[in-house]
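One structure is given here, and the rest of the page talks about it.
2 protein chains.
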Amino acid sequence: MSRAASIKDVANHAQVAVGTVSNVLNNPDRVSSRTKERVLKAIDELGFVRNDAARQLRAGHSRTIGVVVLDVGNPFFTSLVRAAEDAAAVNGSAVLLGDSGHDVARESHYIDLFEEQRVQGLLLSPVGDIGDRLDALRQRGVPTVLVDRLADEDRYSSVSVDDDAGGYLAARHLLDLGRRKLAFVGGPLSIRQVADRLGGARRAVTEADGATLEFLDSNGQTVLAGRGVGNSLVERSRGELPDGIFCANDLLALGVMQSLTMMHDVRIPDDVALIGYDDIDFAVSAVVPLSSIRQPTEAIGRTAIELLSEELDAQHPRHRAVVFTPELVVRQSTAGAAAPAVLTPVP
Amino acid sequence: MSRAASIKDVANHAQVAVGTVSNVLNNPDRVSSRTKERVLKAIDELGFVRNDAARQLRAGHSRTIGVVVLDVGNPFFTSLVRAAEDAAAVNGSAVLLGDSGHDVARESHYIDLFEEQRVQGLLLSPVGDIGDRLDALRQRGVPTVLVDRLADEDRYSSVSVDDDAGGYLAARHLLDLGRRKLAFVGGPLSIRQVADRLGGARRAVTEADGATLEFLDSNGQTVLAGRGVGNSLVERSRGELPDGIFCANDLLALGVMQSLTMMHDVRIPDDVALIGYDDIDFAVSAVVPLSSIRQPTEAIGRTAIELLSEELDAQHPRHRAVVFTPELVVRQSTAGAAAPAVLTPVP
DNA sequence: TCGTAACAATGAAACGATTCAAAGCGGAAG
DNA sequence: CTTCCGCTTTGAATCGTTTCATTGTTACGA
Chain A
1 MSRAASIKDV ANHAQVAVGT VSNVLNNPDR VSSRTKERVL KAIDELGFVR NDAARQLRAG
61 HSRTIGVVVL DVGNPFFTSL VRAAEDAAAV NGSAVLLGDS GHDVARESHY IDLFEEQRVQ
121 GLLLSPVGDI GDRLDALRQR GVPTVLVDRL ADEDRYSSVS VDDDAGGYLA ARHLLDLGRR
181 KLAFVGGPLS IRQVADRLGG ARRAVTEADG ATLEFLDSNG QTVLAGRGVG NSLVERSRGE
241 LPDGIFCAND LLALGVMQSL TMMHDVRIPD DVALIGYDDI DFAVSAVVPL SSIRQPTEAI
301 GRTAIELLSE ELDAQHPRHR AVVFTPELVV RQSTAGAAAP AVLTPVP
Chain B
348 MSRAASIKDV ANHAQVAVGT VSNVLNNPDR VSSRTKERVL KAIDELGFVR NDAARQLRAG
408 HSRTIGVVVL DVGNPFFTSL VRAAEDAAAV NGSAVLLGDS GHDVARESHY IDLFEEQRVQ
468 GLLLSPVGDI GDRLDALRQR GVPTVLVDRL ADEDRYSSVS VDDDAGGYLA ARHLLDLGRR
528 KLAFVGGPLS IRQVADRLGG ARRAVTEADG ATLEFLDSNG QTVLAGRGVG NSLVERSRGE
588 LPDGIFCAND LLALGVMQSL TMMHDVRIPD DVALIGYDDI DFAVSAVVPL SSIRQPTEAI
648 GRTAIELLSE ELDAQHPRHR AVVFTPELVV RQSTAGAAAP AVLTPVP
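The listed protein sequences derive, respectively, from chains A and B. Residue numbering for the first sequence follows the numbering used here, starting at 1 and increasing by one per position. Residue numbering for the second sequence follows the numbering used here, starting at 348 and increasing by one per position.
Written as structure tokens, this is what we have:
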């Protein structure tokens, strides 16, 4: 298996100059079909494969884009990356994927790696605050687009989702069903996403006649945390239960559902309407299929690549912050809900 | 932002030869500390970043390993890749990740891409049969280790998990609890994993006194498919229900659990002991925490890198096929199970 | 027959890091 | 004073591709 064949070997084998081989690969119309054929035959016979290192050394930049996400296991990011890959492929670029796992060191490691690879640009869902790092990168010609994080438009382009709007959407849906005694499950509020979703829900409740919103701190976003909240809820007398519950994510909602419907017999959606957030795969498969808020992950990925292209094209790039509004997905956990007789639904 | 600084710029700025700068980076002990200091200062001031393309062009190979998996969203692969990354990092190699999404074209695309990048080797969980492709790759000096697929040791190294053993383990566990009327849920049997797991279960049942195994074709491995099987089961009279159910994966098991415990009142594990396969995150969070079979993903990833290193080192490499045995994880869905009074547990 | 336009093919130079034989430099020994 | 040794430093050559100015070829009209 000696050494990989180079363009020079191909040239010798096909009895042409190296430049001609290169042209066959990059500017096929400049080459007569007779020669082209001979060259392609030689390529095939020698099993020649382009050496991308040499190509990009000459070109001065690669045809790759670096993407660093917080957690590849999270379907939100998986789907986002998939969309980014597809969008990048249209421009003939490939994606290098890095998983920071919420770890600053890993994140930094990938940024270094990608910079050594001379990626055209970076898509980054940052772990912490790395403004300085990004400034230095841009200085050296590596533009970065922040993903899933709203950024100051004067400094960066970013693509994010409006969690406040999502919270509003969820609460408003419950209110539209005639529910008035709402509860929000989530926490701690130090997590921005959670706080924003709660904020949006509060806004919706303020707008509605005689509606209340109770905050139930779950201190974690897992199924178990949700079940814990559910269990403490059912200790109340029936009359004091909320008639609509909005959970900061689907895992919490599934936990609440388990607790209410299986371990106690509160009916969903009849007694309590329930809605989650994220629309994970399991939402459809729950005993009572779960209503949820879906984030437009494909659009986010596509847009991120778009913004990156803009930064690459423009000489003096202006940054843009694109904010997406999430979408309501109605399923049985709220859909079958009849409004409690006493209250009139909001028009 | 003109042009990225090169080693030559650093050399000028620090008043030394390019070779010296290179030595500072790669053989620091050959350089006097005075010069080293000057060079490092220059690197810092110019914001110099190594151009990996040039480095690997000279070296003839990169320091990366390509990994192509069937589905990055699948926790099995996520965890495997993470382990492979860590193992590769020990040798100073980085991992390029590609997601074929069970698509032959995507798979092929990534293999091409990685070969152009001159990866040292490939870890591949193949979509179909690509023996020829791999032979050609090896011819050109790119060794490949197959992952999650047993391969002929004469031709490839591979790391896989013994699904037959896993099936045996699950069924044996149910039998050890005293259950005798077992059912296997899964299908279609054209999926090798499913067939193997069923095969292992059959073997265990054959060994046990008076035990029977019924095959219930779910025709799919989803929660809904599992619920479907559950629903058809409960139409039987109570006496005809199996007392132990083994599902080909956890999703099916969760579906069966939903159907039996929530929609009808079969008690788990008292009436029916239930065990799944894969040990997904949700297994712990089920209403009745689900027993399952766990695959040693970290070990698989680590071993795959090890085998690849062996292939890289050896002149005339002998291939190895490493097969891991999965592990039983006992939770409440089988643990609390009392053996039916009539039957004596197998010793 | 000659000139010239159109088209093909050529091959040297450039990209940036690494390598390595050779040169430079002090200091110690003879 | 010369020689030699060990330690630093030097800089040309190299990797494989692309680019582009140059050369070669063909065909056609004058």
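Ideal placement from N, C-alpha and C gives every residue a C-beta, glycine not left out. Because the structure is a prediction, the values reported are computed rather than measured.
Nearest CB-CB separation between S638/B and chain A: not below the 9 Å threshold. Cα atoms of F246/A and D617/B: separation of roughly 34 Å, rounded to the nearest angstrom. For the options V451/B, R453/B, D450/B and T411/B, the alpha carbon positioned closest to that of V437/B is the one of T411/B. Listed by position along chain B, the residues whose Cβ is nearer than 8 Å to that of N51/A are L404, E463 and R465. When Cβ pairs closer than 8 Å are counted between the two stretches, the region 205 to 215 of chain A is seen to touch the region 171 to 186 of chain A, the count reaching three or more. H666/B counts as buried, since at least 16 other C-beta atoms from the protein chains shown sit within 10 angstroms of its C-beta. Identification of residues in the region 431 to 449 of chain B having a C-beta nearer than 7 Å to some C-beta of chain A yields A441, L443 and L444, given in sequence order. The beta carbon of T144/A does not come within 9 Å of any beta carbon belonging to chain B, so the residue lies off that interface.
One Cα belongs to E657/B, the other to N359/B, and the distance between them is close to 42 Å.
Interface flag for A651/B against chain A is unset, since no Cβ pair is found closer than 9 Å.
The C-alpha of R519/B lies about 35 Å from the C-alpha of P75/A.
The beta carbon of Q605/B falls within 9 Å of a beta carbon belonging to chain A, placing the residue at that interface. When C-alpha distances from R549/B are compared across R465/B, V489/B and A517/B, the shortest belongs to A517/B. The three-state reading of DSSP puts L637/B in coil, since its state is none of H, G, I, E or B.
At a cut-off of 9 Å between beta-carbon atoms, P643/B makes no contact with chain A. Contiguous alpha helix (DSSP H) elements confined to the region 588 to 639 of chain B occur at 597 to 604 and 628 to 632, taking only those with 4 or more residues. Nearest to E582/B by C-alpha distance, out of D612/B, A431/B and A572/B, is D612/B. The way I'd put it, the region 489 to 501 of chain B does touch the region 465 to 473 of chain B; three or more beta-carbon pairs between them come closer than 8 Å. With contact defined as three or more Cβ pairs closer than 8 Å, the region 379 to 395 of chain B and the region 356 to 371 of chain B are in contact.
Contact with chain A is found for S409/B, since one of that chain's Cβ atoms lies less than 9 Å from the residue's Cβ. Shown here, F184/A sits in a strand according to DSSP, grouped into three states. The CB of G47/A comes closer than 8 Å to the CB of A483, Q486 and R487 in chain B, given here in chain order. Under the Cβ distance rule, A682/B does not count among the residues neighbouring chain A, no pair being separated by less than 9 Å. Its chain contains S409 and R465 as the residues whose beta carbon lies nearer than 7 Å to that of Q403/B, once the 5 sequence neighbours on both sides are disregarded; these appear in chain order. One alpha carbon belongs to R138/A, the other to G439/B, and they sit about 27 Å apart. At a C-beta separation below 7 Å, V634/B has these neighbours in chain A: Q258 and M262.
From the beta-carbon of G468/B, no residue of chain A is found nearer than 8 Å; the closest lies around 13 Å away.
In this structure, the alpha-carbon of I275/A lies about 51 Å from that of V489/B. Here the C-alpha atom of I7/A lies approximately 15 Å from the C-alpha atom of N27/A. Residues of chain B with a Cβ closer than 9 Å to the Cβ of L224/A are, in chain order, V631 and S632. Taking 9 Å as the cut-off, the Cβ atoms of G513/B and T672/B count as close. Each residue's CA atom was taken as its position, placing S157/A and T297/A some 17 Å apart. One Cα belongs to A400/B, the other to V634/B, and the distance between them is close to 53 Å. Your pair V127/A and E107/A checks out as a contact, with CB atoms roughly 5 Å apart and the cut at 8 Å.
For S504/B, there is no enclosing alpha helix (DSSP H); the enclosing beta strand (DSSP E) has its first and last residue at S504 to V508.
For L497/B, the three-state secondary structure derived from DSSP is coil.
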